[in-house]
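Let me begin by presenting the structure, written as structure tokens, before commenting on it.
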Amino acid sequence: MAASNPSSDYFSSRPSIRTRPSPSVGGAGGPLSPRSPRTPLLSRSINAQFGSPGSFRTEPEDQVVYELGARHLSAGFAGESRPRCILRFDPDNGARVGDYRVYEPFHQKPIRKVENYEAWGQDYELYRSNLKRLDLGLVEDRLERAVRTAHSEHLQLDSKTRKAVLAVPSLLPTPLLDVALKVIFHHFPQPPSITLLTTPILACVGAGLRHALVVDIGWEETVITVVGEYKEIFQRRSVRAGKMLSKAMAKTLEHGMHGESRSDEQFVDFQFAEDVTERVGWCRPRSKPEEKSSTQLRIPLPGGFPHETTSVSFENLSDPAEEVFFSSCVTTNDQDDEDLPVHHLAHRVLLAVPLELRAICLSRVVVTGGVSQLPGLKQRLLQELAGLSETRGWDPVHSYGSAAAARTKALQQRKSNLNMRPVAPTTPMDEENPQVTFSPAKKPIQDSIPHSERLQDDVKDPVTLKAEREAKKGQQEVIRGDIRGVETVGAWAAASLVAGLRVKGVHEIERDDFLKHGHWDGGAII
Amino acid sequence: MAAPWANTYYACPCSELSAAAPPNVSNGGTPLELPGSFDNGEEGSTFDPHNPRANYSLYPLDNLLYCDECDAIRCPRCWIEEVINWYCPSCMFEVPTSAIKSDGNRCSRNCYNCPLCTSPLTISSVASPRPVEDSLKPSDAARPQESYLLQCQYCDWTSLDVGIQLDRPTKITEQLVRLRKSKDTKTDPISVSNREETFNNLTNFYKEELQGSTESQTPFGNSPYNSPANLARIMSLYGGVSHTALKKSREKPQPMREASSHSQGLLVYTADKSDAEEEILQRLKELGWNGTTTGEQRQMAPVNNDARFLGQLWPVATALRTRRGRRCRSCRQFLTRPDPKMGSIRYKIRLLALNFIPRLSLKPLNAIPPPSNPAFRLTLDDSPQPLLQPFTPLQYVLTIRNPIFEKIKVSLATPDTTPGKVASKVTILCPSFDVGPAGDIWDEALGSSTTTPSAANDGGRKAAMASLTGSTTDTDRQPEAGKIWEKTRNSTSVILEIVPGSLKPPSRIVTLTKQEREEQAPRQDDDRLEIAVYVRVQWETHEEGPEAGLGKRDAERKMPSGEAKVAKELAYWCVLDVGKIADV
Chain Y
1 MAASNPSSDY FSSRPSIRTR PSPSVGGAGG PLSPRSPRTP LLSRSINAQF
51 GSPGSFRTEP EDQVVYELGA RHLSAGFAGE SRPRCILRFD PDNGARVGDY
101 RVYEPFHQKP IRKVENYEAW GQDYELYRSN LKRLDLGLVE DRLERAVRTA
151 HSEHLQLDSK TRKAVLAVPS LLPTPLLDVA LKVIFHHFPQ PPSITLLTTP
201 ILACVGAGLR HALVVDIGWE ETVITVVGEY KEIFQRRSVR AGKMLSKAMA
251 KTLEHGMHGE SRSDEQFVDF QFAEDVTERV GWCRPRSKPE EKSSTQLRIP
301 LPGGFPHETT SVSFENLSDP AEEVFFSSCV TTNDQDDEDL PVHHLAHRVL
351 LAVPLELRAI CLSRVVVTGG VSQLPGLKQR LLQELAGLSE TRGWDPVHSY
401 GSAAAARTKA LQQRKSNLNM RPVAPTTPMD EENPQVTFSP AKKPIQDSIP
451 HSERLQDDVK DPVTLKAERE AKKGQQEVIR GDIRGVETVG AWAAASLVAG
501 LRVKGVHEIE RDDFLKHGHW DGGAII
Chain P
1 MAAPWANTYY ACPCSELSAA APPNVSNGGT PLELPGSFDN GEEGSTFDPH
51 NPRANYSLYP LDNLLYCDEC DAIRCPRCWI EEVINWYCPS CMFEVPTSAI
101 KSDGNRCSRN CYNCPLCTSP LTISSVASPR PVEDSLKPSD AARPQESYLL
151 QCQYCDWTSL DVGIQLDRPT KITEQLVRLR KSKDTKTDPI SVSNREETFN
201 NLTNFYKEEL QGSTESQTPF GNSPYNSPAN LARIMSLYGG VSHTALKKSR
251 EKPQPMREAS SHSQGLLVYT ADKSDAEEEI LQRLKELGWN GTTTGEQRQM
301 APVNNDARFL GQLWPVATAL RTRRGRRCRS CRQFLTRPDP KMGSIRYKIR
351 LLALNFIPRL SLKPLNAIPP PSNPAFRLTL DDSPQPLLQP FTPLQYVLTI
401 RNPIFEKIKV SLATPDTTPG KVASKVTILC PSFDVGPAGD IWDEALGSST
451 TTPSAANDGG RKAAMASLTG STTDTDRQPE AGKIWEKTRN STSVILEIVP
501 GSLKPPSRIV TLTKQEREEQ APRQDDDRLE IAVYVRVQWE THEEGPEAGL
551 GKRDAERKMP SGEAKVAKEL AYWCVLDVGK IADV
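Read top to bottom, the protein sequences are chains Y and P.
Counting from 1, position 278 in the first sequence corresponds to residue 278 in the UniProt record's numbering; the numbering is continuous, with no gaps.
Counting from 1, position 239 in the second sequence corresponds to residue 239 in the UniProt record's numbering; the numbering is continuous, with no gaps.
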């Protein structure tokens, strides 16, 4: 986010509300561009005398905010807490215009038997990041229809042109981004520019933080990003995400319905599995409760007779999340790098970033994405992280093997060295101690000179104490070290927040540039 | 009522998929001489109606418009919509433009929909429990307040289910807003409006922070030096630091704080304690499946986006509808424009494709009359169309009806075998012919005695008998290649021969891989035999003025002979639905 970048400019520090909008200066810098210095004093006096009061009030131009995910498009106006519409992609909205068979009584949706995992939920997603077998033209058609529906039915835009803000997952494949930009630019009313924002940063903004460990459990992938000072610093992905979860839920339901024997056949279609996951799926805490509650849930079957139900025990409904996100049976050694359980992935990501940032991020875990709504999941993630940091600490080496003995010796040596020096500890174990260590040269004078040698005992000097107290007043202790989660309002709401505050985006793509050059070389470098 | 599945679909040539012209083959007749306008490299690709993309460019004819300036079909992709007015479909009141955005494109009067089943809610009064000791009270004591609730007539949902009781039967919106606010203050850990509160807190926090960071950067707040030019001059005169150095020193951004408390929008949870999630799990256990909301209910309105349980659903204000004018995307002329007056359903401008492009319809040559009128069918089980047997030749009559007042020349082209998984053979016996002009009905009635009678209705009595009995004029006639089957004043019929293919792929020795099997698995509508026909229409028209011909497509050129006559051409793909192929 560029919250502070544009405001660092001296000239832009002027409140822009006061300046009259000058059409001649429009374009790149606008009235805030340093090339056109103005004297607000003078203009203000003119305004006071001759200007009508109306000229002060600049009409707040509203912006349209879109969030594009693999399975949905949200659209709404900037400054609002919720999108006006969330359009999900499903096979029904791919039907021809004038095909009313869906509305016929006793209309049966054809149940497709899906054999391989790749095709699971294929009709319900707009795109997948593997573009090899993806028809980009179809993506464009579907997206175009969704944008048209959003505009004409939900936003009901008039012909005024509005700027647009597009929130996309980070590392969205460039051809897909191209398609999305093309559709939005092409669609009427054509926006003059689109600001691109990425979801991890937005999740961080939406939590009110500057640094965060953003765990975005999406459809295809779980993306864990370390955000520091509103910048993505480190990112790793895992395929354990929503798609796998709904598949696992389908398997659980199938077992509940037909027993283990007939697991080769698919009876549970995607929509049913998805529905069950969303409505009654949950995630159990790390420490299992002693009493085993045997609550049974009755779930009506789709497509069957209206009162046909299946019953699944409530405990079983937490199995898929357990198995997919926090599978405990498989050791991490056997797993693919892209197939790590979420807490292991988070641990790895944290290991990869510098110590200071790790400590800060550890107490700013932001879980977002569609699956994060699963009750219990956020807490479970924190519990697992705490467990990992207890058992493994923050040592990048997983297993020392035969070198373990040598290491403990080295550690002991280091410890004794540490004990000899009365310096602030530097081991990662002491993250809760926020004291910053200095080199002896840079050390404050109080520390480097022993008390006895000081001319004046400024430690107990009341003036110094008072001065220090005063200086500390405005500052707040930065919470770090202990594991803590922070709720976020979500990517769309954060994008709306950012756009509503009129923060200038870093990646802003002008319409003319895009149409001339495409976004590869013209608009922006992404 | 519209049929659930239209017989004929027209492809708008605006997408690259449907713009491709067929190769120069037109089976059964003369090859098409396509003019140079289709010299793109894509030539040779045929339109596949089973392609998933085809769904996005095929429309029934009544959903298409026609731009008479550009002489082109216009579909929702290539027209621009312009809202003329907003209205509530429930109370039919027009909503002024200023109020639309603030009300969230929803009716701010008393129109509400059921959050469960979307049907309109009615306001009904609750019979307040009559106090028992009525007689002891003085007669002029304050009568118990009557209260009102919103009730769904369809599914019996009432607003009491979610604890909404209204004091007055009017100003529902105001009362509901107040109730929702008062619900916020109650301490419900999973309140759906937590999010709004957090959002507002965050907005205020960021606003303050941005304000602070901008203020702190102008230390000369109210001094005469607050003009940058002045300041720069003075600094350069007296200062040790130059203006650029000063600027540079400010380059370091003022760090924005992060939110630190709930009032600033920070919501914290720890590994051990989270009230909201425990509460959710508890309720899930208690309420079970039937207490949760469906995805549709959640997505119906932004108010209910976070409602996880039925008890959290809120009545949904009726979404507004719009009346829209449509403009052509390329020439910006109005294609349709409704009367701006509310309540009037008339159109001022309406350029329907129906009135401009030839209409195709397909029916079996020896049609078996339906057993009964479809309006009286009681069950849907008996399919109206018999299934097509694979590898059995069938003959169909394709009728082209001309809606314009000029005589048109039509050329049809279709691939030999239909693209896609099921290869059916199609032959058009007579691919190019003329269709007479449309005129007034009176023209036909008056002119029938003088003009040359068409083949179908030559012998008046015989034709009348034939039409009464429902049989074709002469049953012994055989379809011939190159011959028109039937011709009336503004329509011409030709014969199509179709051999449906088999749904099953040809047997193969090599076993398929899993992925290949996946690809070969029949998708929805794969068993539907649809024929894509490329229709090219040429006609000549009189132009009113010289400027009318400017800016037209290059396919259209001035005729050398007649200055006033202009040749026009229109080409598009059209998909004819034949029926379902039997799976044998």
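Just so you know, even glycine gets a beta-carbon here, dropped at the ideal spot from N, CA and C.
Starting from residue i, follow the beta strand (DSSP E) in both directions and report where the run begins and ends.
| i | result |
| --- | --- |
| H542 of chain P | R528 to H542 |
| S493 of chain P | S491 to V499 |
| H507 of chain Y | H507 to E510 |
| A11 of chain P | T8 to A11 |
| H72 of chain Y | H72 to F77 |
| E569 of chain P | K565 to K580 |
| P386 of chain P | Careful: P386 of chain P lies outside any beta strand (DSSP E) and carries neither H nor E. |
Check each candidate in the options and name the one with the smallest Cα separation from residue i.
| i | options | result |
| --- | --- | --- |
| R327 of chain P | P:E69, P:A582 and P:I80 | P:I80 |
| S313 of chain Y | Y:W282, Y:D158, Y:G518 and Y:L340 | Y:W282 |
| Q175 of chain P | P:E530, P:Y148 and P:E209 | P:Y148 |
| E390 of chain Y | Y:D482, Y:G121 and Y:Q122 | Y:D482 |
| E232 of chain Y | Y:R142, Y:A75, Y:V353 and Y:R240 | Y:V353 |
| L131 of chain Y | Y:P300, Y:K243 and Y:V179 | Y:V179 |
| L197 of chain Y | Y:L515, Y:R511 and Y:S496 | Y:S496 |
| L570 of chain P | P:V494, P:A353, P:I495 and P:A481 | P:A353 |
| L351 of chain Y | Y:Q373, Y:V165, Y:F234 and Y:T408 | Y:F234 |
| N200 of chain P | P:L61, P:S502 and P:Q264 | P:Q264 |
| T160 of chain P | P:P115, P:C14, P:I345 and P:K181 | Note on identity: in this sequence residue 160 of chain P is Leu, with Thr being the wrong assignment. Comparing Cα-Cα distances from L160 of chain P to each of P:P115, P:C14, P:I345 and P:K181, the minimum goes to P:P115. |
| E487 of chain Y | Y:L202, Y:E468, Y:Q63 and Y:V268 | Y:L202 |
At what residues does the alpha helix (DSSP H) containing residue i begin and finish?
| i | result |
| --- | --- |
| C328 of chain P | No alpha helix (DSSP H) holds C328 of chain P; the beta strand (DSSP E) holding it covers R321 to C328. |
| G500 of chain Y | A491 to G500 |
| residue 531 of chain Y | This structure does not reach residue 531 of chain Y, given that chain Y is present from 1 up to 526, and the question cannot be answered. |
| L284 of chain P | D275 to L287 |
| C204 of chain Y | T199 to G206 |
| Q383 of chain Y | L377 to T391 |
Within the same chain, show all residues whose beta-carbon is closer than 6 angstroms to that of residue i, passing over the 5 residues directly before and after it, in chain order.
| i | result |
| --- | --- |
| T322 of chain P | V83 and W86 |
| P89 of chain P | R321 |
| P403 of chain P | N355 and A438 |
| D48 of chain P | P419 and G420 |
| C574 of chain P | Y10, L360, V533 and V535 |
| F205 of chain P | A259, Q264 and G265 |
| L176 of chain Y | Y127 |
| P364 of chain P | Y396 |
Once the 5 residues before and after residue i are set aside, which same chain residues still bring their CB inside 7 angstroms of it?
| i | result |
| --- | --- |
| M249 of chain Y | A273, V276, T277, G281 and P320 |
| T39 of chain Y | For T39 of chain Y, the predicted model reports a pLDDT of 48, less than 50, meaning its position is unreliable and no value from the coordinates is stated. |
What does a CB cutoff of less than 8 angstroms around residue i pick up in its chain, not counting 5 residues either side in sequence?
| i | result |
| --- | --- |
| F405 of chain P | P437, A438 and G439 |
| Q296 of chain Y | S311, V312, S313 and F314 |
Query raised in the report: Does the count of Cβ pairs from the segment 216 to 230 of chain Y and the segment 162 to 171 of chain Y closer than 8 angstroms reach three?
Result: The segment 216 to 230 of chain Y is in contact with the segment 162 to 171 of chain Y.
Query raised in the report: Is the segment 481 to 491 of chain P touching the segment 427 to 439 of chain P, taking contact as three or more C-beta pairs under 8 angstroms?
Result: Cβ pair count under 8 angstroms is three or more, so yes.
**Report entry** Contiguous beta strand (DSSP E) assignments of at least 3 residues, all confined to the segment 54 to 85 of chain P
**Finding:** Restricting attention to beta strand (DSSP E) runs no shorter than 3 residues, the segment 54 to 85 of chain P encloses them at 65 to 67 and 72 to 74, ordered along the chain.
Query raised in the report: Does the segment 65 to 75 of chain Y come close enough to the segment 116 to 127 of chain Y that 3 or more CB-CB pairs lie under 8 angstroms?
Result: As far as the Cβ criterion goes, the segment 116 to 127 of chain Y touches the segment 65 to 75 of chain Y, which means the pair count is three or higher.
**Report entry** Touching by the beta-carbon criterion (3+ pairs, under 8 angstroms), the segment 147 to 160 of chain Y and the segment 78 to 87 of chain Y
**Finding:** With a cut-off of 8 angstroms on Cβ pairs, the segment 147 to 160 of chain Y is in contact with the segment 78 to 87 of chain Y, counting three or more such pairs.
Query raised in the report: Three or more beta-carbon pairs under 8 angstroms between the segment 148 to 160 of chain P and the segment 100 to 119 of chain P, yes or no?
Result: Touching, yes, given that three or more Cβ pairs across the two stretches are closer than 8 angstroms.
Query raised in the report: Hey, is the segment 275 to 282 of chain P in contact with the segment 373 to 382 of chain Y, meaning 3+ C-beta pairs nearer than 8 angstroms?
Result: With the cut-off at 8 angstroms, the segment 275 to 282 of chain P and the segment 373 to 382 of chain Y touch.
Query raised in the report: Counting Cβ pairs closer than 8 angstroms, one from the segment 501 to 513 of chain Y and one from the segment 393 to 409 of chain Y, do we hit at least three?
Result: The segment 501 to 513 of chain Y, when compared against the segment 393 to 409 of chain Y, does not touch it at the 8 angstroms Cβ threshold.
Query raised in the report: Can we say the segment 233 to 243 of chain Y touches the segment 336 to 355 of chain Y, given the rule of at least three CB pairs closer than 8 angstroms?
Result: Verdict: yes, contact present.
Requested in this report: Any chance you could list the beta strand (DSSP E) runs of at least 3 consecutive residues sitting entirely within the segment 146 to 185 of chain P, in chain order?
Outcome: For the segment 146 to 185 of chain P, whole beta strand (DSSP E) runs of length 3 or above, ordered along the chain, are 147 to 152.
Report task. Note down, one range per segment and in chain order, each beta strand (DSSP E) of at least 3 residues found wholly within the segment 152 to 184 of chain Y. Result -> Complete beta strand (DSSP E) runs here, min 3: 164 to 168.
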